[in-house]
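Residue numbers (my numbering), protein chains in the order written: chain D, 1 to 353; chain X, 354 to 659.
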């Protein structure tokens, strides 16, 4: 554990993929930290680089074609990029757990559930076979699997989707890692099961005290689960802050668009849902300036040419947007420091058409 | 499980009956008959025909054949005097089966290893080598393969006997020649299947558990990748074990393959039927075994286990 209480620090990470079509710049200069015991949300639309970022941390992206162009990932003060194969395996097996998006395909169909959980301890000499089995059964109980002795011997196809995701969480947690990365853990589950799984994660955080990185495109999940949020767009972080700040003191037009496109209960019949016009940038040739400029209602000339500075708005809150520049015109985005949190509720603020 | 096998056996019996019936009438449509021979006098010919029952209506002949078949009697060959069909199969099948088993063991073991190794080293030199072996194996006809092996190992270097089947050293060349095609297709299918499995989510899960590459391949990849290979093994085992005309001819092996082809060109009706029946039943058994083995490899298709 580093002294500053951060379990993980991403420092200017740049990650790309070699493909036949050229180099895809998936993650472009991303820095953030995860504190001990917190839940950090990473939100963004498909293809914004959030999954790649998450998988970078454990180096789960296939390499090649993926490779680091720069940066450092410090886990408990050690740089993941400089780890040997052996250290990396220890990192994956003991220090960080990963919950994948689709429990239907993420479990090996030809292995019993118990064996798949126990596999995490493979090659470790400090635990006996009996202890491993006890740990597996214990974690299965902890993640809310009933009738564990029976489930232990079953194959994944004999379990429901929600049950499979519980098994995935059990796999991620069985070695009691300090950090668990959940990559859209509930996207492929139906809503009632989603709620159960999210509650389970919160409950487990209370019991085990681990940090969680929660990757999602669902702002509802963010609001329910997270302490702090990172908003990603086009391989870059465009805004970060506490959940309160992100929702009620939005400082980036993209974040505003995301929040605006949530379906609301009072949406009348026939009324169209809001959407953000346009498509995400081509990461083969990422735009020179702000990645969101082409779709941004507020875009100024400078946005297309120069990458924006990062503006600090509070201890936690920062955004990468030219609208915060002192010469930028007064928009509802800029005024937010002065404006009270009350007046900034999304949905009331109409984009200044 | 028992119910499943019972169902399969019933289905197999129906299949075999349809097969026999169709073949029985089809062979009669071939030009000529077993006794087309200008040297035979009409009297002799008539005698033979009545001896084999050819003077009766076709449907009666069919009835008789089926009744005999149910008694386990395949009848006499119409070309080889005093030899029963069952006797000929009994004499020749052991040679074909022996050769077939040797070549299968060779083909499957080397084919799987090549497929696995080449998938693990995709795009590297060894992968390139394996792909070339696979292409050569599937594209070189077995008679050329056999001839090349005979020339190289038998004549030029004199290491192994060229032909006949009289001891273990005699089996090596024909087994290799016969194995090559199966080896190539097994390695090709295994390679493709391994690569497909490698991109599955559960492989990433395995990696996220901190497992080493060897363990991932051995425990997670191979077992899931082997299904397509098993699918092709059913028909392959049946056809390799029941003998191949070409390999048995060039290596002078007294196997079943020769009789297969000869019986058709001789219009040896009972022999054609007997051979077809034997092959058909063998194929059905092989496929049943494969279906049961599926369940062993993949719990999702396991039958009747609750």
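Every residue gets a Cβ at the ideal spot worked out from N, C-alpha and C, and that includes glycine.
Contacts of residue i in chain D (Cβ-Cβ under 9 Å)
i, result
"residue 650 of chain X", "110"
"residue 414 of chain X", "The premise fails here: residue 414 of chain X is roughly 52 Å from chain D at the closest Cβ pair, so nothing lies under 9 Å."
"residue 568 of chain X", "119, 122, 123"
Short CB-CB distance (under 8 Å) between residue i and chain X
i, result
"residue 157 of chain D", "yes"
"residue 106 of chain D", "yes"
"residue 126 of chain D", "no"
"residue 183 of chain D", "no"
Under 7 Å by beta carbon: chain D residues contacting residue i
i, result
"residue 562 of chain X", "92, 93, 119, 120, 171"
"residue 565 of chain X", "89"
Boundaries (first-last residue) of the beta strand (DSSP E) holding residue i
i, result
"residue 359 of chain D", "Residue numbering for chain D in the displayed model covers 1 to 353; residue 359 of chain D lies beyond these limits and cannot be assessed."
"residue 292 of chain D", "Taken as a continuous stretch (DSSP letters only), residue 292 of chain D belongs to no beta strand (DSSP E), as it is neither H nor E."
"residue 12 of chain D", "6 to 19"
CB contact check: residue i to chain D, cutoff 8 Å
i, result
"residue 644 of chain X", "no"
"residue 612 of chain X", "no"
"residue 653 of chain X", "yes"
DSSP-derived helix/strand/coil call for residue i
i, result
"residue 357 of chain D", "There is simply no residue 357 of chain D to check, as chain D begins at 1 and stops at 353 in what is shown."
"residue 95 of chain D", "helix"
"residue 540 of chain X", "helix"
"residue 232 of chain D", "strand"
"residue 35 of chain D", "strand"
"residue 612 of chain X", "helix"
"residue 551 of chain X", "helix"
"residue 400 of chain X", "helix"
"residue 139 of chain D", "helix"
"residue 182 of chain D", "strand"
"residue 660 of chain X", "With chain X covering only 354 through 659, there is no way to say anything about residue 660 of chain X."
"residue 480 of chain X", "helix"
"residue 534 of chain X", "helix"
"residue 24 of chain D", "strand"
"residue 429 of chain X", "strand"
"residue 451 of chain X", "helix"
"residue 644 of chain X", "helix"
"residue 305 of chain D", "helix"
"residue 560 of chain X", "helix"
"residue 583 of chain X", "helix"
"residue 485 of chain X", "helix"
"residue 262 of chain D", "coil"
"residue 606 of chain X", "coil"
"residue 663 of chain X", "Nothing can be reported for residue 663 of chain X: it is not among the residues displayed for chain X, which extend from 354 to 659."
"residue 663 of chain X", "In this structure chain X extends from 354 to 659, so residue 663 of chain X is not present and cannot be described."
"residue 466 of chain X", "helix"
Partner residues on chain X for residue i, Cβ-Cβ distance less than 7 Å
i, result
"residue 305 of chain D", "In chain order: nothing, as chain X lies at least about 39 Å away."
"residue 98 of chain D", "561"
"residue 60 of chain D", "557, 560, 561"
"residue 102 of chain D", "554"
According to DSSP, residues forming a beta bridge with residue i
i, result
"residue 312 of chain D", "D:318"
"residue 79 of chain D", "D:74"
"residue 68 of chain D", "D:15"
"residue 40 of chain D", "D:213, D:228"
"residue 241 of chain D", "D:229"
"residue 30 of chain D", "D:13"
Listed by chain order, chain D residues near residue i by CB distance under 8 Å
i, result
"residue 577 of chain X", "108, 109, 110"
Enclosing alpha helix (DSSP H) for residue i [first to last residue]
i, result
"residue 474 of chain X", "Counting along the chain, residue 474 of chain X falls outside any alpha helix (DSSP H), and DSSP gives it neither H nor E."
"residue 103 of chain D", "103 to 106"
"residue 421 of chain X", "411 to 423"
"residue 602 of chain X", "598 to 603"
"residue 86 of chain D", "85 to 90"
"residue 249 of chain D", "Here residue 249 of chain D belongs to no alpha helix (DSSP H), and DSSP marks it neither H nor E."
"residue 205 of chain D", "191 to 208"
"residue 378 of chain X", "355 to 382"
"residue 145 of chain D", "No alpha helix (DSSP H) contains residue 145 of chain D, which DSSP labels as neither H nor E."
Residue i Cβ short of 7 Å to the ligand ATP heavy atom set
i, result
"residue 7 of chain D", "In terms of ligand content, the structure shown is empty, and the ligand ATP therefore cannot be addressed."
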